[in-house]
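The structure appears below as structure tokens.
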Amino acid sequence: MRVTVTQIREMKQKGEKVVMLTAYDYSTAKIVDEAGIPLILVGDSLGMVMLGYESTIPVTMEEMLHHTKAVVRGTTQAMIVGDMPFMTYHLSVEQALKNAARFIQEAGAQAIKLEGGVTVAEKVRRIVECGIPVMGHIGLTPQSRLQLGGFKVQGKSPATAVRLLEDARALEEAGAFSIVLETVPAPLAKLITEKIDVPTIGIGAGIGCDGQVQVINDILGSFADFVPKHAKQYAKLTDIIKNAVTQYNDEVKAGSFPTDKQSFTMDESILAELKAK
Ligand code: KIV
Numbered sequence: 139m140r141v142t143v144t145q146i147r148e149m150k151q152k153g154e155k156v157v158m159l160t161a162y163d164y165s166t167a168k169i170v171d172e173a174g175i176p177l178i179l180v181g182d183s184l185g186m187v188m189l190g191y192e193s194t195i196p197v198t199m200e201e202m203l204h205h206t207k208a209v210v211r212g213t214t215q216a217m218i219v220g221d222m223p224f225m226t227y228h229l230s231v232e233q234a235l236k237n238a239a240r241f242i243q244e245a246g247a248q249a250i251k252l253e254g255g256v257t258v259a260e261k262v263r264r265i266v267e268c269g270i271p272v273m274g275h276i277g278l279t280p281q282s283r284l285q286l287g288g289f290k291v292q293g294k295s296p297a298t299a300v301r302l303l304e305d306a307r308a309l310e311e312a313g314a315f316s317i318v319l320e321t322v323p324a325p326l327a328k329l330i331t332e333k334i335d336v337p338t339i340g341i342g343a344g345i346g347c348d349g350q351v352q353v354i355n356d357i358l359g360s361f362a363d364f365v366p367k368h369a370k371q372y373a374k375l376t377d378i379i380k381n382a383v384t385q386y387n388d389e390v391k392a393g394s395f396p397t398d399k400q401s402f403t404m405d406e407s408i409l410a411e412l413k414a415k
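Just so you know, we're using the working numbering here: the sequence shown kicks off at 139 and counts up by one.
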């Protein structure tokens with residue numbers, strides 16, 4: 139039985155931290171699920187860490203569905219949240235409903251996430267009314283990075299801090315079951331967390347949130363292009379992978395791989411017959 143939205147909501151009441159991690163493929167999702175992470179986000183960050191785009195802007199619905207299906211196949215316990223890509227929910231409520239439904243019907247996700255607060259609240263309400271759990275995402279919303287002027291801390295001025303609180307309240311009111319707060323000053327994230335009943339899940343938003351989310355490649359040290367300030371590397375996979383690949387390369391070239399251990403035998407008589415032909 140997978141984690142439910144009710145359980146996630148109850149975690150806030152009980153003071154239990156909500157842990158979320160991204161995953162984009164079957165094998166990684168399986169490990170994350172077995173490690174007991176309750177929420178797996180198939181983030182549109184896959185555009186950068188999996189597909190090599192410069193930002194999340196080019197990511198398409200088809201790419202998101204492809205990866206979400208793989209993550210769903212690799213998991214049995216976690217709730218899988220599909221991230222709606224740029225311009226797949228902005229045009230109309232109908233467009234938002236149609237694409238949210240694709241994550242559930244086609245990919246097998248249990249919830250969707252979309253970016254924005256007051257401006258997307260009506261869409262959130264309609265998606266939730268259709269029975270699809272919605273996770274909000276405010277603060278630094280990477281799909282709006284051109285408008286925001288880059289990857290900057292959000293909510294530092296009185297006006298933007300008030301707007302963030304209004305965004306959080308609008309999402310709560312619309313029925314979101316949790317809200318990601320990205321790159322927000324820690325004291326503001328704590329205040330928003332105290333003022334709303336739905337769990338906040340922080341990334342670069344300090345310890346005062348109800349939970350935390352990270353991009354898996356950042357905590358594993360497997361994406362070397364850019365390491366954000368909010369990420370802690372619990373491993374350095376780039377070094378481990380490079381080392382293993384170099385050894386493989388050296389051994390193949392030296393003729394020391396494969397050995398008998400990695401090879402298969404056959405009946406000597408068949409071989410002798412073949413040689414005689
Ligand atoms: O796409 C993503 O991975 C995200 C997280 C950073 C919250 O939106």
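Cβ atoms here follow ideal geometry from the backbone N, Cα and C, with glycine treated the same way.
Rounded straight-line distance, which links the Cα of residue j to that of residue i
{"i": "GLU320", "j": "HIS275", "result": "7 Å"}
{"i": "SER165", "j": "ASP171", "result": "10 Å"}
{"i": "GLU260", "j": "ALA312", "result": "7 Å"}
{"i": "ARG307", "j": "ILE334", "result": "7 Å"}
{"i": "LEU179", "j": "LYS150", "result": "19 Å"}
{"i": "GLY153", "j": "MET273", "result": "19 Å"}
{"i": "ASP182", "j": "THR397", "result": "42 Å"}
{"i": "ASN355", "j": "ILE175", "result": "15 Å"}
{"i": "ARG211", "j": "ALA239", "result": "18 Å"}
{"i": "HIS368", "j": "ARG263", "result": "31 Å"}
{"i": "PRO323", "j": "ILE378", "result": "34 Å"}
{"i": "TYR386", "j": "LYS374", "result": "19 Å"}
{"i": "MET188", "j": "ARG301", "result": "33 Å"}
{"i": "GLY487", "j": "VAL156", "result": "Look at the range of the chain in this structure, 139 to 415, and you will see that residue 487 is not part of it."}
{"i": "ILE265", "j": "VAL383", "result": "46 Å"}
{"i": "ASN381", "j": "ASP388", "result": "11 Å"}
Where residue i sits in the DSSP three-state scheme
{"i": "GLY185", "result": "helix"}
{"i": "SER407", "result": "helix"}
{"i": "VAL141", "result": "coil"}
{"i": "GLN281", "result": "helix"}
{"i": "LEU326", "result": "helix"}
{"i": "HIS204", "result": "helix"}
{"i": "LYS333", "result": "helix"}
{"i": "ASP221", "result": "strand"}
{"i": "ILE270", "result": "coil"}
Cβ-Cβ separation, residue j to residue i (assumed contact under 8 Å), whole Å
{"i": "VAL359", "j": "THR338", "result": "This sequence places Gly at residue 359; Val is not what is there. The Cβ separation is near 26 Å, so there is no contact."}
{"i": "PRO366", "j": "GLY342", "result": "7 Å"}
Identified DSSP bridge partners for residue i
{"i": "VAL156", "result": "GLY349"}
What residues sit near ligand 1, counting only those whose C-beta is closer than 7 Å to one of its heavy atoms, in chain order? That gives THR160, LEU179, GLY181, ASP182, SER183, THR194, ASP221, LYS251, HIS275, PRO280, VAL318, GLU320, ILE341, VAL351 and VAL353.
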